[in-house]
Amino acid sequence: MADVTLAQDAIYALAASPQFAQDGICFAAASSGVYRSDDGGLTWQCAFESLNLQEPLPASSIAIAPNFPADASVFAGVSGGVLRSVDGGKTWQVAVLPTPPPLVLALTVSPNFAVDGVLLAGTMDDGVYRSADRGTRWSRWNFGLLDLNVLTMVISPQFAEDETIYVGAESGIFRSTNGGRAWREVDFSIDYGPVLSMRLSPNYAEDGIVFVGTESHGLFRSQDQGRTWARLGEQCVAGPVNGLALSPEFPRKPHVLAMLDTELLISRDGGASWAEWESGPQGQETGLSTVVAPQGLDVGAPLLVGRME
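In the working numbering, the protein residues as written are 746 to 1054.
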């Protein structure tokens, strides 16, 4: 595969290998398809070459299985379906979702994927689809989901025990505690929607911490699984908050990264205070859209940053 530049593409989502520090593998979902890098994002190759497409196939979301080094499973959301690769993006199988064809905006994979084979897709206008056979077959699971415009989705690190998933939608937040089969609205003011980004503490089962980035009201944090909320960084973290990242050692290292349209802000005290990220596109780029911190948020750690065209 020949190297390509993504400078002219809109980047909608990024995902990195769990062993990024060793293998440098990452993927980008872009306006012209899915791209893979084997050198930490320095160069990129089109991952859709095996599909022999006559025109570009935009990909709006991307997800890597947590056991990617062993099973090489990657999933891409497109209009009308989900593409699955089990060889690291060399070849793809297409799972067509039930009609009308939805646009898949978010994908999340169970942390226990090697055992349960569960992944979920959030769509525009059609809610949530769920697969329990590693992405081969999909069913719509929207009982209790009052807003079908799903913009973002996160899954509990302890999903095997608590079966908890959060959805960020146009009008607010919904939570499932039975693996995505049924949903209940979270007490989050409709005035704060749309919800653009979400992250759960790696220690969510014990601390109940949820971070939520909104389009026009900045960043919020809950410390009780979404029952109550506090606004963070009101003076500097103004919406839209397009992306969030947490330290993998949170809350021992309470590092939080917030991506705004034109800058990256870092908090090293759980959101109480904020500063500009030490090296980033501060004021030099616009339309920042997605961020991944594959090696945590320590000073000098690499970031993968995408922007809209």
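From the three backbone atoms N, C-alpha and C, an ideal C-beta is built for every residue, glycine too. Predicted model only: the values in this text are computed from it and were never measured.
What three-state label does DSSP hand F995 in the structure shown?
-> Taking the sequence shown and counting its residues from 1, one reaches residue 995 at position 250. F995 falls in the coil class under three-state DSSP.
Quick one: measure Cβ to Cβ for G1032 and M1004, integer angstroms, because I've assumed they're closer than 8 angstroms.
-> Within the sequence shown, residue 1032 is the residue found at index 287, counting from 1. Within the sequence shown, residue 1004 is the residue found at index 259, counting from 1. Their Cβ separation, rounded to whole angstroms, is 11 angstroms, which puts G1032 and M1004 out of contact at 8 angstroms.
Note down the Cα distance separating M931 from G971, rounded to an integer number of angstroms.
-> Your numbering for residue 931 matches position 186 in the sequence shown. Your numbering for residue 971 matches position 226 in the sequence shown. For clarity, residue 931 is Val in the given sequence; the question names Met instead. V931 and G971 have their C-alpha atoms spaced approximately 6 angstroms apart.
Roughly how many angstroms lie between the CA atoms of S824 and F772, to the nearest whole one?
-> The residue you call residue 824 lines up with position 79 of the sequence shown. The residue you call residue 772 lines up with position 27 of the sequence shown. If you take the alpha carbons of S824 and F772, they lie about 18 angstroms apart.
Taking C-beta to C-beta, are V940 and G917 nearer than 8 angstroms?
-> Residue 940 sits at position 195 when you count from the first residue of the sequence shown. Residue 917 sits at position 172 when you count from the first residue of the sequence shown. Their beta carbons are under 8 angstroms apart, which means V940 touches G917 by this criterion.
Within 8 angstroms, strictly: CB atoms of L989 and R920 | Along the sequence shown, read from residue 1 onward, the residue named residue 989 stands at position 244. Along the sequence shown, read from residue 1 onward, the residue named residue 920 stands at position 175. Contact: no.
Please say whether T1007 and G984 have beta carbons closer to each other than 8 angstroms?
-> Locating residue 984 in the sequence shown gives position 239, counting from the first residue. Locating residue 1007 in the sequence shown gives position 262, counting from the first residue. G984 is not a Cβ neighbour of T1007, given a cutoff of 8 angstroms.
Among V849, Q980 and V1001, which residue has its Cα nearest to the Cα of W1022?
-> Working through the sequence shown from its first residue, we reach residue 1022 at position 277. Per the Cα distances, V1001.
Inter-residue CB distance, G1016 and G978 (contact presumed, cutoff 8 angstroms) | Along the sequence shown, one-based indexing puts residue 1016 at 271. Along the sequence shown, one-based indexing puts residue 978 at 233. Indeed, because the Cβ distance is near 6 angstroms, the residues count as touching under 8 angstroms.
Does the beta-carbon of L891 have 16 or more other beta-carbons within 10 angstroms, so that it is buried, or is it exposed?
-> By 1-based counting over the sequence shown, the position of residue 891 is 146. With fewer than 16 other Cβ atoms inside 10 Å of its own Cβ, L891 counts as exposed.
Residue from V841, G1045, D816 and S884 whose Cα sits closest to the Cα of V831 | Counting from one through the sequence shown, the residue named residue 831 turns up at place 86. That would be D816, whose Cα lies nearest to the Cα of V831.
For A760, which residues from the same chain have a beta carbon less than 7 angstroms from its beta carbon, with the 5 sequence-adjacent residues on both sides left out?
-> In the sequence shown, the residue the question calls residue 760 occupies position 15. So the list reads C771, F772, I807, A808, I809 and V1037, once near-sequence residues are dropped.
Can you tell me which of V841, L828, Y757 and N812 puts its alpha carbon nearest to the alpha carbon of A792?
-> In the sequence shown, counting from the first residue as 1, residue 792 sits at position 47. The residue with the shortest Cα to Cα distance from A792 is L828.
For A766, collect the residues of the same chain with a Cβ closer than 7 angstroms to its Cβ; drop the 5 residues on either side in sequence, then sort them by chain order.
-> Numbered from its first residue, the sequence shown carries residue 766 at position 21. Q1040, listed in sequence order.
Q764 versus V912 - alpha carbon distance | What you label residue 764 is simply residue 19 of the sequence shown in a count that begins at 1. What you label residue 912 is simply residue 167 of the sequence shown in a count that begins at 1. When only Cα atoms are considered, Q764 and V912 end up about 27 angstroms apart.
Can you say whether S876 is buried or exposed, counting buried as having 16 or more other CB atoms within 10 angstroms of its CB?
-> Start at 1 with the first residue of the sequence shown, and residue 876 comes out as number 131. Buried, by the Cβ-count rule.
Roughly how many angstroms lie between the CA atoms of S782 and A804, to the nearest whole one?
-> Walking along the sequence shown from the start, residue 782 turns up at place 37. Walking along the sequence shown from the start, residue 804 turns up at place 59. Across the structure, S782 and A804 are spaced so that their CA atoms are roughly 16 angstroms apart.
Residues of its chain near R993, where Cβ-Cβ distance is below 7 angstroms and the 5 sequence neighbours each way are ignored = Within the sequence shown, residue 993 is the residue found at index 248, counting from 1. Here residue 993 is Pro; the residue named in the question, Arg, does not match the sequence. Here the set comprises P947 and G1041.
In whole angstroms, what separates the C-alpha of W886 from that of T836?
-> If you number the sequence shown from 1, residue 886 lands on position 141. If you number the sequence shown from 1, residue 836 lands on position 91. Each residue's Cα considered, the two are about 28 angstroms apart.
Whole angstroms is fine: what's the gap from L964's alpha carbon to D907's?
-> Along the sequence shown, one-based indexing puts residue 964 at 219. Along the sequence shown, one-based indexing puts residue 907 at 162. L964 and D907 have their C-alpha atoms spaced approximately 25 angstroms apart.
Could you give the distance in angstroms between the alpha-carbon of Y780 and the alpha-carbon of L798?
-> Residue numbering aside, residue 780 sits at position 35 when the sequence shown is read from its first letter. Residue numbering aside, residue 798 sits at position 53 when the sequence shown is read from its first letter. One C-alpha to the other measures close to 14 angstroms.
So Y937 is in the alpha helix (DSSP H); what residue range does that whole segment cover?
-> Against the sequence shown, residue 937 aligns to sequence position 192. Careful: Y937 lies outside any alpha helix (DSSP H) and carries neither H nor E.
Anticipated Cβ contact below 8 angstroms, P996 with G785, distance rounded | In the sequence shown, counting from the first residue as 1, residue 996 sits at position 251. In the sequence shown, counting from the first residue as 1, residue 785 sits at position 40. P996 to G785, Cβ: 27 angstroms. No contact.
Pick out whichever of H962, Y937 and A927 has its Cα sitting closest to the Cα of V982.
-> Position 237 of the sequence shown, counted from the start, is the residue given in the question as residue 982. Taking only the C-alpha atoms, the option nearest V982 is H962.
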